[in-house]
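Engineer:
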Amino acid sequence: KQEVTQIPAALSVPEGENLVLNCSFTDSAIYNLQWFRQDPGKGLTSLLLIQSSQREQTSGRLNASLDKSSGRSTLYIAASQPGDSATYLCAVRKETSGSRLTFGEGTQLTVNP
Amino acid sequence: GAGVSQSPSNKVTEKGKDVELRCDPISGHTALYWYRQSLGQGLEFLIYFQGNSAPDKSGLPSDRFSAERTGGSVSTLTIQRTQQEDSAVYLCASSYIQGTLAKNIQYFGAGTRLSVL
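From first to last, the protein sequence lines are chains P and H.
Our numbering numbers the first residue of the first sequence as 2 and each following residue consecutively.
Our numbering numbers the first residue of the second sequence as 105 and each following residue consecutively.
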């Protein structure tokens, strides 16, 4: 059974700092990995999707990397802003599942002005 | 609509009552998913619809849970004889199938927060 772990569970940083969120998964037979953002009372917003054949994806100040063989992904946020405060979730899709996502429990990020 | 819409946004019910949660997917999205987010449990997959059929309902926790989708659009998740452990946020997502299924990004609604007293 696939298990997804995110470290740290919570993180508080001053504005402007660069930071890294970590995600690990136990079964390396994944099709892709997604990073989501969840704001309180709102749904999930997809940030980046990395296919298993890719090593990284970038969008603005966000960069996600994937090391499929070691079962790890990182989300790098550059020059953090208070508006980045949210819970960040990673999710993997198994090659044979077709559709379901397996989520980690998330990292709650607070960026202080 | 512009996004996935779920109703109600909050539902408080008494133990033993039945509840229905509704999801309106993004127009044109053929795939629809239900997830549950419980405190300390993370986000769990419940069921997936392709059109009106459910190829994967392996995540439903018990036979008290059922879901249907009609007209390839609206879906209803029904929980019978609710228990306190059913308290959670129920999230719905939809996606447009283009190419292989696994490539498609799922777009999530804001969820229904269910509290069973």
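Yeah, the Cβ is synthetic: ideal placement off N, Cα and C, and Gly gets one too.
1. Assuming the contact rule is C-beta atoms closer than 8 Å, Ser66 (chain P) and Ser74 (chain P) should be a hit. Round their C-beta distance to whole Å, please.
2. Terminal residues of the continuous beta strand (DSSP E) containing Arg140 (chain H)?
3. Is any beta-carbon of chain H found at less than 8 Å from that of Ser86 (chain P)?
4. Please determine if the segment 26-33 of chain P and the segment 114-123 of chain H are in contact, where contact requires at least 3 C-beta pairs separated by less than 8 Å.
5. Could you name the residues that DSSP lists as bridge partners for Ala65 (chain P)?
6. Around the C-beta of Ala79 (chain P), are 16 or more other C-beta atoms found within 10 angstroms, so that it is buried, or is it exposed?
7. If you compare alpha carbons, which of P:Lys95, P:Gly44, P:Thr27, P:Pro9 is closest to Thr1 (chain P)?
8. For Ile89 (chain H), count neighbouring C-beta atoms within 10 Å of its own C-beta (all shown protein chains included) and say buried if the count is 16 or more, exposed if not.
9. Drop a sphere of 10 angstroms on the beta-carbon of Gln187 (chain H), count the other beta-carbons inside from all chains shown, and report buried for 16 or more, exposed for fewer.
10. Give a yes or no on whether the minimum CB-CB distance between Tyr152 (chain H) and chain P is below 8 Å.
11. Which term fits Gln39 (chain P), buried or exposed, when burial requires 16 or more other beta carbons within 10 angstroms of its beta carbon?
12. Where do the N-terminal and C-terminal ends of the beta strand (DSSP E) with Asp128 (chain H) fall, by residue?
13. Less than 8 Å between CB atoms is the rule here; does Phe169 (chain H) satisfy it with respect to chain A?
14. Expressed to the nearest angstrom, what Euclidean distance is found between the alpha-carbon atoms of Ala92 (chain P) and Tyr200 (chain H)?
15. Starting from the Cα of Arg217 (chain H), find the closest Cα among H:Gly107, H:Pro165, H:Ala135, H:Tyr139 and give me that residue.
16. In terms of residue numbering, what span does the beta strand (DSSP E) encompassing Lys95 (chain P) cover?
17. Spatial neighbours of Lys95 (chain P) within its chain, please: C-beta separation below 8 Å, excluding the five flanking residues on both sides.
18. Would you list the one or two residues that DSSP bridges to Gly146 (chain H)?
19. May I ask which residues mark the beginning and end of the beta strand (DSSP E) holding Glu172 (chain H)?
20. Which residue comes first and which comes last in the beta strand (DSSP E) that contains Leu195 (chain H)?
21. Check each candidate in P:Phe37, P:Gln109, P:Leu45 and name the one with the smallest Cα separation from Ala87 (chain P).
22. So for Gln39 (chain P), helix, strand or coil by DSSP?
23. Indicate the three-state DSSP secondary structure (helix, strand or coil) for Gln109 (chain P) in the structure shown.
24. If you run the structure through DSSP and keep just helix, strand and coil, what is Gln188 (chain H)?
Structural biologist: Taking the structure as given:
1. 6 Å
2. 135-142
3. no
4. no
5. P:Gln58, P:Leu76
6. exposed
7. Past the boundaries of the shown model lies residue 1 (chain P); chain P is included only from 2 to 114, so the question cannot be answered.
8. Residue 89 (chain H) is absent from the structure shown; chain H starts at 105 and stops at 221.
9. exposed
10. yes
11. buried
12. 123-128
13. Looking at the structure shown, chain A is missing, and the protein chains on hand are P and H.
14. 18 Å
15. H:Tyr139
16. 87-95
17. Gln3, Asp28, Ala30, Ile31, Tyr32, Arg101, Thr103
18. H:Ser142
19. 169-173
20. 192-199
21. P:Gln109
22. strand
23. strand
24. helix
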